[in-house]
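Below is one structure, written out as structure tokens, with a few remarks after it.
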Amino acid sequence: MENFKQKAINHIKAIPFGKVASYGQIAVYAGSPRAARAVGMILNKLPADTEVPWWRVINNEGKLTIRGSIFNRDDQQSLLEKEGVKFKKEHEVEIEKYRWKTHELKL
DNA sequence: CTGCTGACCCAAG
DNA sequence: CCTTGGGCCAGCA
24 MENFKQKAIN
34 HIKAIPFGKV
44 ASYGQIAVYA
54 GSPRAARAVG
64 MILNKLPADT
74 EVPWWRVINN
84 EGKLTIRGSI
94 FNRDDQQSLL
104 EKEGVKFKKE
114 HEVEIEKYRW
124 KTHELKL
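Okay, here's the thing in structure tokens:
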């Protein structure tokens with residue numbers, strides 16, 4: 024039985040290049056719809072060299088709410104811009120335009 | 001088991 | 001734009 028953490032990480036790894044998902048969304052896919060904050064905590068503990076595309080996870084309003092010590096909002100924004108994501112203002116994207124939808128995903 | 005913490009979310013004011 | 005306030009819950013000491 025996979026735990027919440029493993030599922031969350033698997034789902035984040037599944038976010039396609041150039042797409043984003045919200046913390047709450049990942050929590051839903053991981054089977055615990057109201058554990059959005061826990062998703063942030065998991066990301067906060069990832070090593071700097073992780074293969075998990077943490078920068079594709081933003082909040083539900085399209086804002087970058089990163090609080091990690093190694094990377095900041097500017098780092099995350101440039102990583103997203105490298106994937107073609109356009110920002111409507113500093114640290115805020117039009118999330119509905121880039122939101123990853125998992126219609127084919129089996130929970 | 002208890003009691004925090006927090007890269008969240010939503011609704012008000 | 002900003003701030004409160006309440007709810008939430010996985011992880012950790």
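Numbers in our numbering are just positions in the first sequence, counted from 1, shifted up by 23.
By construction, the Cβ of each residue, glycine as well, lies at the ideal position given by its N, Cα and C atoms.
Quick caveat, the model's predicted, so the values are computed rather than measured.
- Setting aside the 5 residues that flank it on each side, ALA53 is surrounded in the same chain by PHE27, LYS30, ALA31 and HIS34, each with a C-beta closer than 7 Å to its C-beta; the list follows chain order.
- In the DSSP assignment, ARG122 forms a beta bridge with VAL43.
- In terms of Cα proximity to GLY85, the closest of ARG122, LYS36 and GLU25 is ARG122.
- By DSSP's assignment, VAL51 forms no beta bridge with any residue.
- Residue burial is scored here from C-beta neighbours: ILE93 has fewer than 16 other C-beta atoms within 10 angstroms and is therefore classed as exposed.
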